[in-house]
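For reference, the structure discussed in these notes is given below.
Protein chains in written order, with my numbering: chain A, 1 to 79; chain B, 1 to 598.
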């Protein structure tokens, strides 16, 4: 299983303009500064554009944290 | 890289790096503050974020007030004082087909359609009126994209009950309103969405999830168009189109090929394409854009081009005309002072990437779109950039005049080259220079028989003569190829000399004009001197035979340090010599590639 975390962390760093931001599988909107609903839209668009994937309607709603997001991306990228 | 007023900001840059771009652009000097109230039928944050970046790039620091999603009507009619208190300079009313209150039923009559259109129109009229009375500023209102679903298929555009038909009717009414109401500026969302493509425009997932009606590509198209409108409102639309000539306004090189050989007219696909681009330029002129010529050419010869029977453009269509051998950025500055207009109102179109690069680097503010080298791309690239966006015909000029005084020259943001040598270094040039060989002999013959301008003797040789000279041991023949960071210029220079004891008589020295002022002639001289010395030669003897076309090389040998030996008073031909016993290579800006020889 490839490790997407560093690449996703880079997207977060760029989008938030925080070069030192550290992302873990436990990171979520609750514990990452500035991750509000508008930033969320940008993050989704940026990830879709960077990784050339599309999230289906509702898929993102059940995700608890970055770990869940990475697992979902892994499935999409391998299919 | 630091974004600049002329560089392209792409959608991907904004998606990933909006905050960084914003931070960098906010440090630009001379930003003009503007206040924009955005009233949306959808969530407008994404497009406002994009608009902010594009406006910063255009020299505006925008402060925004946004309505809650979907509350455009309530905010405008019930609480206009909140908007008035924000003191907007502009209001943008962004609504889409999803905000249409009531489409008529598919079975409705023509009468019912007109009533439904009238009802919807009246709703917007009351919004515009309320905002006009309270805020008193100009309002940008978009018309509507065609509906995502056309349930009647083609008939949807025909039947009174078709939603496509409804949108067409409503858009027509919006156009009539905008033409009659000086406060109202229409943004043609119907065309913007069509250019992106409706299938790439709608994303229902984003509507259900965030109440954004379109894709990110859609938001970017809306923001780009809005930025062009705002520039126009503040008199910063571009006003002058500066055009290169050879391979831009016609195919071919008029100085080499002659008036009768340039490609224009209706006879071939390429000729048609150049003619079409001329027609496009002429149509811009007809609506008030000034045209200017900036070309590396002999002025006399360049002017002749417009006497070509198929040239749609005539000399009188140009407000300024610079055809000479000076660097183009200097000519553009001269045009600006002649027309008494700032260079930030200029757009420069040239098929040569090297010319574009030096103009872009030397004159911050000039728009230098990457038009490529294919004439069919020139007009579409200019169109997409919306440089010349007018507000109205006539009205815009009055606005422009008023805004002029406030339009301070933007401080230079871009790096300038300290000197010409630094520019040459930036081109990352590499040359292959070698003795004539069979692989290139045809190209050498072709160039020899085609070059007229940078050609010291204009002597013509057949392929057989050149091949013989290459192999008889009494001649030195070298060719030069040049690449730079924009690509391969191909084989562009040829020298042929005859050995006469300790002397080399240079029979032929020519170069393609596409690499003028690159110091390629110095690299060629280095290579020639090296080979001549190896053959025991002490002196190079050059001759210049003047023709109607080769005036540009009259001082060629003088510039290379040759001494004048004699001058023929009748033919004005000159003979020059250079002692090469102590010759040291002079080329500084071109990397000479070492070739492996067997």
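Quick reminder that beta carbons are idealized off the backbone N, C-alpha and C, glycines included.
If you measure from the beta carbon of residue 214 of chain B to each beta carbon in chain A, is any gap under 8 Å?
-> If you number the second chain from 1, residue 214 of chain B lands on position 214. Not an interface residue.
Span separating the alpha-carbon of residue 274 of chain B from that of residue 264 of chain B | Taking the first residue of the second chain as position 1, residue 274 of chain B is located at position 274. Taking the first residue of the second chain as position 1, residue 264 of chain B is located at position 264. Residue 274 of chain B and residue 264 of chain B: Cα-Cα distance of roughly 6 Å.
Would you identify the three-state DSSP class for residue 45 of chain B, choosing helix, strand or coil?
-> Taking the first residue of the second chain as position 1, residue 45 of chain B is located at position 45. Three-state DSSP puts residue 45 of chain B in a helix.
DSSP puts residue 318 of chain B in a beta bridge; with which residues?
-> Residue mapping note: residue 318 of chain B aligns to position 318 of the second chain, counting from 1. DSSP output for residue 318 of chain B lists B/291 as bridge partner(s).
Looking at the C-beta of residue 17 of chain A, does it have a partner C-beta in chain B at a distance below 8 Å?
-> Mapped onto the first chain, residue 17 of chain A falls at position 17. By this cut-off, residue 17 of chain A is an interface position.
Check whether the Cβ of residue 46 of chain B lies closer than 8 Å to any Cβ atom in chain A.
-> On the second chain, position 46 is the one that residue 46 of chain B refers to. At least one chain A Cβ lies under 8 Å of residue 46 of chain B.
Kindly say whether residue 87 of chain B, judged by its beta-carbon, lies nearer than 8 Å to any beta-carbon of chain A.
-> Looking up residue 87 of chain B in the second chain gives position 87. No - not a single Cβ of chain A is within 8 Å of the one on residue 87 of chain B.
Which same chain residues, not among the five before or five after residue 171 of chain B, have their C-beta less than 8 Å away from its C-beta?
-> The count along the second chain starts at 1 and reaches residue 171 of chain B at position 171. Cβ within range, chain order: 143, 144, 190.
Applying the criterion that 16 or more other CB atoms from any shown protein chain within 10 Å of the CB defines a buried residue, is residue 176 of chain B buried or exposed?
-> By one-based count along the second chain, residue 176 of chain B stands at place 176. Looking at its Cβ environment, which holds fewer than 16 other Cβ atoms inside 10 Å, residue 176 of chain B is exposed.
So what does DSSP say about residue 483 of chain B, is it helix, strand or coil?
-> On the second chain, residue 483 of chain B is found 483 positions in, with the first residue counted as 1. Note: residue 483 of chain B maps to strand in three-state DSSP.
To the nearest angstrom, how far is it from the Cα of residue 594 of chain B to the Cα of residue 587 of chain B?
-> What you label residue 594 of chain B is simply residue 594 of the second chain in a count that begins at 1. What you label residue 587 of chain B is simply residue 587 of the second chain in a count that begins at 1. Roughly 14 Å between the two C-alpha positions.
For chain A, find out if any of its Cβ atoms is closer than 8 Å to the Cβ of residue 208 of chain B; answer yes or no.
-> Taking the second chain and counting its residues from 1, one reaches residue 208 of chain B at position 208. With 8 Å as the cut-off, residue 208 of chain B counts as an interface residue toward chain A.
Please report the Cβ distance between residue 478 of chain B and residue 435 of chain B, rounded to the nearest whole angstrom; I am assuming they are in contact, meaning their Cβ atoms lie under 8 Å.
-> Residue 478 of chain B sits at position 478 when you count from the first residue of the second chain. Residue 435 of chain B sits at position 435 when you count from the first residue of the second chain. At roughly 6 Å, the Cβ-Cβ gap stays under 8 Å, so residue 478 of chain B and residue 435 of chain B are in contact.
Classification of residue 3 of chain A by the beta-carbon crowding that lies within 10 angstroms, buried from 16 upward | Your numbering for residue 3 of chain A matches position 3 in the first chain. Flag for residue 3 of chain A reads exposed.
Rounded C-alpha distance that separates residue 77 of chain A from residue 315 of chain B = For this step, residue 77 of chain A is matched to residue 77 along the first chain. For this step, residue 315 of chain B is matched to residue 315 along the second chain. Approximately 59 Å between the Cα atoms of the pair.
If we cut at 8 Å on Cβ distances, does residue 12 of chain B have a partner in chain A?
-> The count along the second chain starts at 1 and reaches residue 12 of chain B at position 12. It does: the Cβ of residue 12 of chain B has a partner Cβ on chain A nearer than 8 Å.
Label residue 395 of chain B either buried or exposed according to how many other C-beta atoms from any shown protein chain fall within 10 Å of its C-beta, with 16 as the threshold for buried.
-> Position 395 of the second chain, counting from 1, holds the residue named residue 395 of chain B. Note that residue 395 of chain B has pLDDT 47, beneath the 50 cutoff, so the model's placement of it is unreliable and no number is given.
Does DSSP put residue 571 of chain B in a helix, in a strand, or in coil?
-> What you label residue 571 of chain B is simply residue 571 of the second chain in a count that begins at 1. Coil, per DSSP.
Report yes or no: is there a C-beta of chain A within less than 8 Å of the C-beta of residue 23 of chain B?
-> For the purposes of this step, residue 23 of chain B is identified with residue 23 of the second chain, where counting begins at 1. Taking Cβ atoms only, chain A reaches closer than 8 Å to residue 23 of chain B, which makes this a yes.
Where residue 201 of chain B falls: helix, strand or coil (DSSP) | One-based indexing of the second chain puts residue 201 of chain B at position 201. Helix at residue 201 of chain B.
What residues in the segment 39-59 of chain A have a beta carbon less than 9 Å from any beta carbon of chain B?
-> 40, 41, 42, 44, 45, 46, 48, 49, 50, 54, 55, 56, 57, 58
According to DSSP, residues forming a beta bridge with residue 475 of chain B = Walking along the second chain from the start, residue 475 of chain B turns up at place 475. B/498, per the DSSP bridge assignment.
Please list the residues of the segment 6-32 of chain A that have a C-beta atom closer than 8 Å to any C-beta atom in chain B, keeping them in chain order.
-> 11, 14, 15, 16, 17
Can you tell me whether DSSP reads residue 40 of chain A as helix, strand or coil?
-> The count along the first chain starts at 1 and reaches residue 40 of chain A at position 40. Correct three-state label for residue 40 of chain A: helix.
Given residue 450 of chain B, which residues of its chain have a CB within under 7 Å of its CB, disregarding the five upstream and five downstream residues?
-> Position 450 of the second chain holds residue 450 of chain B. Cβ neighbours of residue 450 of chain B beyond the five flanking positions: 256.
Report the partner residues of residue 66 of chain B according to the DSSP bridge assignment.
-> Taking the first residue of the second chain as position 1, residue 66 of chain B is located at position 66. Note: residue 66 of chain B sits in a beta bridge opposite B/38.
Interface partners of residue 205 of chain B on chain A, CB under 7 Å | For the purposes of this step, residue 205 of chain B is identified with residue 205 of the second chain, where counting begins at 1. In chain order: 57.
N- and C-terminal bounds of the beta strand (DSSP E) containing residue 450 of chain B = Your numbering for residue 450 of chain B matches position 450 in the second chain. Counting along the chain, residue 450 of chain B falls outside any beta strand (DSSP E), though it belongs to the alpha helix (DSSP H) covering 441-450.
For residue 370 of chain B, which three-state DSSP category applies?
-> The count along the second chain starts at 1 and reaches residue 370 of chain B at position 370. In this structure, residue 370 of chain B counts as coil in the three-state DSSP scheme.
Assigned exposure category for residue 15 of chain A - 16 Cβ within 10 Å defines buried | On the first chain, residue 15 of chain A is found 15 positions in, with the first residue counted as 1. Its Cβ being crowded by 16 or more others within 10 Å, residue 15 of chain A is buried.
Is DSSP giving residue 432 of chain B helix, strand or coil here?
-> On the second chain, position 432 is the one that residue 432 of chain B refers to. Strand at residue 432 of chain B.
Would you check if the segment 550-562 of chain B and the segment 491-500 of chain B touch, i.e. whether three or more CB-CB distances between them fall below 8 Å?
-> no
DSSP three-state call for residue 564 of chain B: helix, strand or coil?
-> For the purposes of this step, residue 564 of chain B is identified with residue 564 of the second chain, where counting begins at 1. It is a strand residue.
From what residue to what residue does the alpha helix (DSSP H) around residue 68 of chain A run?
-> Here residue 68 of chain A refers to the residue found at position 68 when the first chain is read from its first residue. Where residue 68 of chain A is concerned, the enclosing alpha helix (DSSP H) stretches over 66-78.
What residues from chain A crowd round residue 20 of chain B, counting only those whose CB sits closer than 8 Å?
-> The residue you call residue 20 of chain B lines up with position 20 of the second chain. Result: 14, 17.
Cα separation between residue 349 of chain B and residue 245 of chain B?
-> What you label residue 349 of chain B is simply residue 349 of the second chain in a count that begins at 1. What you label residue 245 of chain B is simply residue 245 of the second chain in a count that begins at 1. So the alpha carbons of these two residues sit roughly 9 Å apart.
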